[in-house]
Structure formats: structure tokens, C-alpha cells
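Notes follow the structure.
There are 2 protein chains.
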Amino acid sequence: MAVTVADVARYAGVSTASVSRALSGADGVGETVRARVIAAAQALGYQPNDVARSLRTTRTQTVGLIIPDVVNPFFGELASAIEEAAHQYGYSVILCNANEQTERQDRYLELMLARRVEGLLLTPVLGESPALHAAARQGVPMVFVDRAVPSMEVAVVRADGRPAISKLVEHLVGLGHERIAVIAGPRQSPTGHERLTAFRTAMRAHSLRLPRELVRVGDFQMDSGRRAAAQLLDLDEPPTAVFAVDDLMTLGAVQEIRRRGLRIGTDVAVAGFDDPPWFQLMEPPLTTVSQPVSRMGTLAVETLVEAIGTGSARSHLLDCDLVIRDSCGEAAIPRGAGRSSGT
Amino acid sequence: MAVTVADVARYAGVSTASVSRALSGADGVGETVRARVIAAAQALGYQPNDVARSLRTTRTQTVGLIIPDVVNPFFGELASAIEEAAHQYGYSVILCNANEQTERQDRYLELMLARRVEGLLLTPVLGESPALHAAARQGVPMVFVDRAVPSMEVAVVRADGRPAISKLVEHLVGLGHERIAVIAGPRQSPTGHERLTAFRTAMRAHSLRLPRELVRVGDFQMDSGRRAAAQLLDLDEPPTAVFAVDDLMTLGAVQEIRRRGLRIGTDVAVAGFDDPPWFQLMEPPLTTVSQPVSRMGTLAVETLVEAIGTGSARSHLLDCDLVIRDSCGEAAIPRGAGRSSGT
DNA sequence: CTGAAAGCGCTTACAG
DNA sequence: CTGAAAGCGCTTACAG
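If you're matching them up, the sequences are chains A and P in order.
Per this note's numbering, the very first residue in the first sequence carries number 1; after that it's consecutive.
Per this note's numbering, the very first residue in the second sequence carries number 1001; after that it's consecutive.
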């Protein structure tokens, strides 16, 4: 655990400079010397020390990844895609889970800066983050994934849910739904806001009312989806369809609906967001707005690599898909207004 | 991005030694000097360089985590728990996804050693891994999670599925099942082997036959679960119950059963392994053997920290729970042998 | 092609 | 309490 270039040099009878050159594969070193060095390294069991190299070269080959909630399958898949792509470009990734807390995000940001990551990939948590602004000011290459911070000029890679949401509403209306509720994200969340606004716009386009009581605010966690669904179901005139804007809240809603003995798709329609593998395995399979998660991850890395290389990078807005399955009912909706396309 | 201790020292009018002491909070530095240093650091926007510090102290405050498949929810949750616990102890984690490939595991192992991680947490992939043995020989503190390598004397933190599997078989038998199939893990997998053996033993204890055709080998991935279920269902005399030994294969089996229009719990019973959040949301909710995943993660980190500190650590074997829900049917099993406890 | 030497940014004995 | 100096393990101009 302690053999250094100096040891190898001594053993091979050459200078440390030659050792370095030979081992790094650089040219400008004779074949015989190279062979001797390699043999010596082998014999001594030499293990390069990247921290020394990093100090000297100021390259760490590491990028930082800060995710707000690794347990959320969406972010899990995202992290996985990012890890994969990063390695493709020769970067290791230091992973931190901000857990949706600004203080944790800031602490990790400091930590990553101190470790001299070459770039930063993050899904910023909501709220003011001094460390984030500091990092940006310092000029560390960085790109946001999935969430933008409007006040910051940082490239962002995310998916635009609007067209798909509009299609979803059309789908629901086609099935005879008029009283459609939404379980939205936190008010301050740009993503949540965008989805809610898109939903509102689509409802208006179909001349459908969206009373206050049908708009519920959650926090992207399962429990808030459950609570929101409960409130919705307790209404004097409950909605015939519920649209939740992320996977976890969708799950919560499904759970609450089930708990009450209601059947999804017939008693109440459910549409979700994101598309973890088991959505299609639910009974009935869930209709949902799907984001190109792993594409986002790959693209985010590519964008970051570009930022590291050129000092600047462009944002990318991907498309979402509406995946129609059976959870919005395909036939008899109780209050069907004759518009149903079902049998 | 380039202010160093030397700059701070100059600005504060003291030596770099004092700067280092003041900033690290060490004692042996006067209050006035400390205050001046802190002010100077602040004024200059000093950002400590951990790679230099690491080189000097030979401490990197980093541990490596190698997971065989981050997309698998079991490992996702495990990684999340590990990341959390590691930070609690002041360690950052470098995450690598071996994707069940020895070569990738070995490459990442080299990389982590070069980066001088202070410890290694990994779920070893199957197959010979020269780098793993090399690392062990070198004495890098390490602990295995979830999977042991019988030939290596490395502490392992995992859960013992045997008692829960025995209870599961009892549960199935109580429900009238006799023809019970198993979708096992790869033959070389100790974990898979343990679960299969436990299942065999339990079957024998109930004097139940387990013909070859009812034992199917998968690879812990969803697709293999699907294929295994298909083969099982195609049998002249298909099983009345299927037990899959991980979450992904369980999902695959569920999907195949559904695809054929069969109802889980009534047409065919399904029992799974692991307990991702949506198992309880399936229709019917899935009966499963649940591992204490996040406990495993935390304990693995504690064990590693101990290994780093003392140079040795003990293995830990946790218990699994049998979570009984409705997927094994609670009533009428077609071929019920009169043993059914249902109504 | 090869080597002597400096230096990356810290921390830590060692003196005083 | 404070500083001068060495050194962690590399790489890279700079000479030759």
C-alpha cells in the first residue's frame, strides 16, 4: 500500500520522470525503458495514487451528483443513467442525496467543491441556496437536471410535460370525464407549476371547469398523494378522474382509492406521471405521462462534459410521452356525458 | 478558484501553518490570529482543497460502493441507506454500478483503489474477480453486503431468508397448495442457492414433492422471471403457486401470469422476495419475504467504519420477515386437498 | 530519449 | 502561541 513512483524508478534504475511517462503511456520514452518500468511496477505491485496525480494535474476525473431523493424511482433511474454515462466519459461520480433539504444540498455542494469535482450535476431543491449561487459564481461547470432555477443561467436538461398533459386531458375527456382533479406539486416548484398550468390550460381548452377544490397540492411524496386523494374522495361531489403529477403521489393516490374499496378505472380514473416499471403491472395498468429518464441522464452528462470542455453548454428540453393504458376506464363512466368512445 | 492557504497567510500576515491550524479548528493558535485568519479566508473567498489535504494526510474521507444493479429497487434502496449512513460518519461515497459484470467490477475496484478510498462496500458479482482478491490481499478495509464470497474472509452484512422461507411454505401449505414452483437465482449465487435450499428443505418438511420441472433458474432480472413463469404455466400440470426469489423476477412472473388472463391469488398464487413499496399496491397485494434493506445499509456502513478503525470487523446476519398479503389466495384453491383454511 | 528539479496545496513535526 | 521547512506522490516544463 505504499509503493510509489520513486520505488519503481529505483527498482528499474531510471528516473521518476521516466516512470511517469512509461506508465501513463505517453510517448517520449524508449521501448526498453518502458518495458523495464512496466516490469518493475508489476514486480513491486505498484498502485498509482490518483490523489497525488489530481493535485498535480488539477484534474480529478470526478463529477458530483446531487439528487433530491434517491428512493424516488425516477431519480434512482436518473442517477443510474448518469453514473453509466459519466463512466463512459472517464468520470467517476460522487453521489449525494439532498433529501429535498437546502441545507443538505449546500453542505454537499461545499464538500464537492472542496473535493474539486470537475463538474456538477444536480436537481436543485426548492428554496434559496447560497452555496449554489456561490458555486455558479465561481464558475464550476454545472448543469441542472429535471428542474431549472429560473433566476440562474445554468444549462438545464429536462422534459417538457405540457404537450403530453394536453393529450392526457383530451384522452380523459374522450372517455367522458369532466370532473377531473389534479394532485399538483409544491407551489414553488417550477416543474410542478408547469404541469399544473398545462393541466389548467388543457381543461380550459375543453371548456371544463377546474374548481379550487379539485386542485390539491402535494410534495411529490407518496403520503401527500394519499392525503390529497382522501380529500378529493371526501368531497360532496368527488372527481371522476384524478391526475397526479409524479410517480410517488400517484402511488399514494392509488393506495387511498384501493383502501376505500373503489376500483380504479371504473369507479375512479387515475392518471399518473413518470413510468416506473410496475405501473404497467398494476391492476389495471396505469395510464401515465412518461419522461425519457435515461435519455435525460445521458444527455445531462453529455451537456456537462461539453460545459467542462468548452466552458458553456446549451439547455435541452425533451418530450414526454402519454402512455395510455387502462386506468382511466375505457367504457362506462358513471356520469358519462355521451362523449364516451367506449363500447 | 485559486486562492490557497499561502494567499490567506499573506493577507492575514501569518504563516501558512497558522492558517492551517486556525481553519481546521485545531488548538494551539491564538484567538487574535485565528480571527484574522478567518476574516482573511472570508475576504478572499478561500475554498479548501481536499485533494491536497488528502495527499498530505492520506485520508480521503471517501468510501467506494459497488452495486451490481442500481436499477433494481432493492439495491437502489440499499445504496440510498448506505449513502445516508456514510455521510453520518463523514464519508462521501463514490458509486459504481457493476451491472453484474466481473470486468466492470474489477475496473471500478482498481479505480477506487487508485482514488484511495478508505474502505469498500460491495455486493460482489458472481465469478472470479482478480481485482477483488488483490484488494483483499492489500488489506483495504472492506465489507460485503447482501452477498458473501465463501472463499474470502471478508465480513458480510446480509439477511438470512431461511426461516421466513420456511414460514412461507407453511403458509402456502395451509392454504392448500401442494404443487409449488420456485423461480430460483443463478446456480452459482450463494444467496440464490441458500433460498432454493431453504425452499427445498421446507417442502420436504411438509412431505411435498418438488419435481425438477417446478424448479426454474432465473438471473434475478425481470425477464427471466417472465420466461420462467411462462414455462411453468405451459406445463401439463402447472403449479398452483409460484415463489420467486427476488423482486424483479417476481415482477416478471406477475406480468406473464397477467398476460395470460389468469388471476393472481385465485388462479395461481404468487409469493415474492424483497418488498418494494408497490408490492402492497398490486392487485392483489403481494405476499413476500421482506429483507430489512435500510437496516442492512446502515449496518454495513457501521461495520465498515469499524473495519477502518480497528482493522477487523464481524459479519452480521439479519432476519427476514414473511409479509402475508393476499396473493397466495385465502380461499378456494382449485385442487384444494381439503387442507384449506379458507372460508 | 532521459533526468534533475520544481511545484500542485496542504499539514505537521520540529524549533523557538 | 507561532513560523520555517519538509514532504505527501505525482507530472511537467526545462535542459541536455
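We put the CB at the ideal spot given by N, CA and C, even for glycine.
DSSP three-state assignment for residue i, whether helix, strand or coil
i: Leu1322 of chain P; result: strand
i: Ala1155 of chain P; result: coil
i: Ser24 of chain A; result: helix
i: Asp1160 of chain P; result: strand
i: Val1140 of chain P; result: coil
i: Leu196 of chain A; result: helix
i: Leu175 of chain A; result: coil
i: Val1037 of chain P; result: helix
i: Ser1189 of chain P; result: coil
i: Ser18 of chain A; result: helix
i: Ser1315 of chain P; result: coil
i: Ser1166 of chain P; result: helix
Outcome for residue i when other beta-carbon atoms lying within 10 angstroms are tallied against a minimum of 16
i: Arg1290 of chain P; result: The question names Arg, but residue 1290 of chain P in the sequence shown is Ser. Its Cβ being crowded by 16 or more others within 10 Å, Ser1290 of chain P is buried.
i: Glu84 of chain A; result: buried
i: Thr197 of chain A; result: exposed
i: His133 of chain A; result: exposed
i: Gly309 of chain A; result: exposed
i: Ala39 of chain A; result: exposed
i: Gln1105 of chain P; result: buried
i: Pro276 of chain A; result: buried
i: Asp234 of chain A; result: exposed
i: Ala202 of chain A; result: buried
i: Asp1236 of chain P; result: exposed
i: Gly25 of chain A; result: exposed
i: Pro130 of chain A; result: exposed
i: Ser1312 of chain P; result: exposed
i: Ala1300 of chain P; result: buried
i: Gly139 of chain A; result: exposed
i: Thr1060 of chain P; result: buried
i: Pro334 of chain A; result: Only weak support is given to the placement of Pro334 of chain A: the predicted model assigns it a pLDDT of 46, under 50, and the value that follows is read from those uncertain coordinates. Pro334 of chain A should be labelled exposed.
i: Gln1255 of chain P; result: buried
i: Gly218 of chain A; result: buried
i: Ser1207 of chain P; result: exposed
i: Ala181 of chain A; result: buried
i: Tyr91 of chain A; result: buried
Residue span of the alpha helix (DSSP H) that contains residue i, given as start and end
i: Ala184 of chain A; result: It is not in any alpha helix (DSSP H) - Ala184 of chain A instead sits in the beta strand (DSSP E) that spans 180-184.
i: His87 of chain A; result: 73-88
i: Ser1054 of chain P; result: 1050-1057
i: Arg1010 of chain P; result: 1005-1012
Beta-carbon gap between residue i and residue j smaller than 8 angstroms
i: Leu1318 of chain P; j: Ala1159 of chain P; result: yes
i: Leu1121 of chain P; j: Val1145 of chain P; result: yes
i: Thr1062 of chain P; j: Ile1094 of chain P; result: yes
i: Met282 of chain A; j: Met1282 of chain P; result: yes
i: Cys1320 of chain P; j: Ala1164 of chain P; result: yes
i: Gly265 of chain A; j: Thr288 of chain A; result: no
i: Ile1183 of chain P; j: Arg1216 of chain P; result: yes
i: Gly30 of chain A; j: Val3 of chain A; result: no
i: Thr240 of chain A; j: Arg179 of chain A; result: yes
i: Gly119 of chain A; j: Met152 of chain A; result: no
i: Pro1079 of chain P; j: Val70 of chain A; result: The displayed chain sequence assigns Ala, not Pro, to residue 1079 of chain P. Cβ distance < 8 angstroms, so Ala1079 of chain P and Val70 of chain A count as in contact.
i: Asp1247 of chain P; j: Pro1284 of chain P; result: no
i: Val1051 of chain P; j: Ser54 of chain A; result: yes
i: Ala1253 of chain P; j: Gly1225 of chain P; result: yes
i: Leu168 of chain A; j: Phe243 of chain A; result: yes
Delimiting residues of the beta strand (DSSP E) encompassing residue i
i: Gly970 of chain P; result: As shown, chain P starts at 1001 and ends at 1343. That puts residue 970 of chain P outside it, with no answer to give.
i: Arg1212 of chain P; result: That residue, Arg1212 of chain P, is in no beta strand (DSSP E); it is neither H nor E in DSSP.
Practice problem: Could you tell me which uninterrupted beta strand (DSSP E) segments, each at least 3 residues in length, are contained entirely in the region 1221-1284 of chain P, listed from first to last along the chain? | Solution: 1241-1244, 1269-1273
Practice problem: Give, in chain order, every unbroken run of the alpha helix (DSSP H) that is at least 4 residues long and sits entirely within the region 1095-1136 of chain P. | Solution: 1102-1114
Quiz item: In chain order, which continuous runs of the beta strand (DSSP E) of length 3 or greater are located wholly inside the region 287-311 of chain A?
Solution: 287-290
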